[in-house]
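These notes concern the structure reproduced below.
Number of protein chains: 2
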Amino acid sequence: MTAPLVTILDDEPAIREMLTEALQEAGFRTMSFGRATEFEAALLQTSPDVCLVDLSLPDKDGLTLVHRLALEQGASVIIISGRAQVQDRVTGLELGADDYIIKPFEPAEVVARVRARLRKNAPMEQAGETAKFNGWTAHFDRYMLIDASGEETAFSHAEGEVLRLFLERPKRLISRASMQETLGGAAGESFDRAMDVRISRLRTKLREDPKNPQLIKTIYGAGYIFLGDVSWS
Amino acid sequence: MTAPLVTILDDEPAIREMLTEALQEAGFRTMSFGRATEFEAALLQTSPDVCLVDLSLPDKDGLTLVHRLALEQGASVIIISGRAQVQDRVTGLELGADDYIIKPFEPAEVVARVRARLRKNAPMEQAGETAKFNGWTAHFDRYMLIDASGEETAFSHAEGEVLRLFLERPKRLISRASMQETLGGAAGESFDRAMDVRISRLRTKLREDPKNPQLIKTIYGAGYIFLGDVSWS
DNA sequence: GCGGATTGTTACAATTCGTAAGATTCCGGA
DNA sequence: TCCGGAATCTTACGAATTGTAACAATCCGC
């Protein structure tokens, strides 16, 4: 179990360094960016657990970015801003941010708030061994898929890994790279096609229409998104 | 689908009233308590979705209560405290609180933070991002366009980027340059044709009459304007 | 070892999306 | 009104990406 990944997006290098140091000392992996475009590029490779975002960015509107992040990525977003007005905080939170920290801040408090986010994000990962989604029930302990009519279909270990990854991050873009990372371990060269095959086989077990998949969507050049309302138990 | 329940635990009646009023106006059910023992008694009957807790209680240690709440009940806990020291905040968050608001506070911000907690508590029910315009419905999460008669058309990621850009700035001129910037990133020279093709393909999916486009209007020498009454949800 | 299931690999089909190139449209000047 | 150049639209093609069927390697219980 690797350490949680926290991203820092701020145009001031001094703040990036301060946060990086504090977070790494607290045991987190960090990545920091000075511009929104760099950050967005990196999002295609990995999916962070918590994103710290400064609103005053040189190249993009921070609030729009926060909105997209919260909605698409589903990651926890903490705004760090110099704007202290109540209205700023309210709109920031309303747009999907999970927390709003005002500059100047204490690194210790930022760390504590990051931990609070992770704590609430995590419980799903240690949840039970069954998950329901869109009429299906997945029993990971028995390697069984049950559809709405009660019919059972067995799935293999490799298929289960992919399915679990999807069910733990529903409605979020999962990049091909981060998929290889959490699954296959060492990402080989031509090995990457194995990923496609796994997903293909999983899709047939979920009876997806190849022309028009409803649950596992492919994002050309980026990765996959699992749609479906998941509830673990 | 009943309204979420928010509990208020504070020994000052004025604050209880202020919060109760603001939260009820925001559409929440509320219960308020002046003493920890009353609150604990109530917990045996119902399980709140979010708990607002003041740390300075007459009859019990607030931090211990917060710890118990977070651990056993699994509910979201927001501390409201007059103690502004960083150390207080850190230990409060460390003990399981989800947020820490310092007195004096704005009711609007409290409501926003309560909403933020609820949003993350029920992440699976979050409806995808959709926009309606002129009989069409765009589901950005499912990459689907639905026309007035209910017929579905899939759109690709690149097409979705363009569509989103239009829907976020309806009835405004969008210059070619700003389009390249928000989309393709580096604005090249001969790349600008790619933009045209994207728009062309999007127009076909929107069944635009090439001679007389109703939705995506070209402004010769300037850019594009998306006409259409957009409403997001 | 044998039969079956699982999983990676390969080869080829299908899709996406940018580029090129010709067709079309726009607009100012004659 | 007509003309020419520039801007834009559309179609076709191709490179890169992804889907999947078929085959091969591996594993496991009997």
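Line by line, the protein sequences give chains A and B. Numbering follows the working numbering, in which position 74 of the first sequence is assigned residue number 88; successive positions increment by one, without gaps. Numbering follows the working numbering, in which position 33 of the second sequence is assigned residue number 47; successive positions increment by one, without gaps. All C-beta atoms, glycine included, are put in the ideal place defined by N, C-alpha and C. Note that the structure is predicted; figures quoted are calculated from it, not measured.
{"query": "Residues sharing a beta bridge with A:His153, DSSP", "result": "A:Thr144, A:Met158"}
{"query": "Proximity test, Cβ basis, 9 Å: B:Gly142 and chain A", "result": "yes"}
{"query": "For A:Glu222, the three-state DSSP class (helix, strand or coil)", "result": "coil"}
{"query": "Proximity of A:Gly88 and A:Ala50 at Cβ, strictly below 9 Å", "result": "no"}
{"query": "Best match in B:Leu23, B:Leu109, B:Lys117, B:Ala98 for proximity to B:Lys74 [C-alpha to C-alpha]", "result": "B:Leu23"}
{"query": "Span separating the alpha-carbon of A:Val176 from that of A:Ile213", "result": "7 Å"}
{"query": "Neighbourhood of B:Ala168 by C-beta distance below 8 Å, restricted to the same chain and skipping five residues each side", "result": "Tyr157, Met158, Leu159"}
{"query": "Minimum length 3: unbroken beta strand (DSSP E) runs contained in the stretch 77-128 of chain A", "result": "90-95, 113-116"}
{"query": "Contact set between A:Asn226 and chain B, taken where Cβ atoms lie within less than 7 Å", "result": "Ala168"}
{"query": "Within-9 Å CB hit, A:Asn148 to chain B", "result": "no"}
{"query": "Within 9 Å of chain B by C-beta, residues of the stretch 86-116 of chain A in sequence order", "result": "Glu86, Gly88, Ser90, Val100, Gln101, Arg103, Val104, Thr105, Gly106, Leu107, Glu108, Gly110, Ala111, Asp112, Asp113, Tyr114"}
{"query": "Unbroken stretches of the beta strand (DSSP E), 3 residues or longer, contained in the stretch 169-200 of chain B", "result": "187-189"}
{"query": "Selection from B:Phe240, B:Glu173, B:Pro184 that minimises the alpha carbon distance to B:Lys219", "result": "B:Glu173"}
{"query": "Coarse secondary structure for A:Leu66, derived from DSSP in three states", "result": "strand"}
{"query": "Endpoints, the beta strand (DSSP E) within which B:Met45 is located", "result": "43-47"}
{"query": "Coarse secondary structure for B:Glu52, derived from DSSP in three states", "result": "helix"}
{"query": "Local Cβ density within 10 Å of A:Arg30, reported as buried at 16 or more and exposed below that", "result": "buried"}
{"query": "Under 9 Å (Cβ pairs) to chain A, residues found in the stretch 179-192 of chain B", "result": "Glu182"}
{"query": "A:Lys225 burial status per 10 Å Cβ neighbour count (16 or more: buried)", "result": "exposed"}
{"query": "B:Pro27 and B:Gly48 closer than 9 Å at C-beta", "result": "yes"}
{"query": "The stretch 227-239 of chain B touching the stretch 176-189 of chain B, judged by at least three CB pairs closer than 8 Å", "result": "yes"}
{"query": "Whether B:Gly106 touches B:Ser95 by CB criterion (9 Å)", "result": "yes"}
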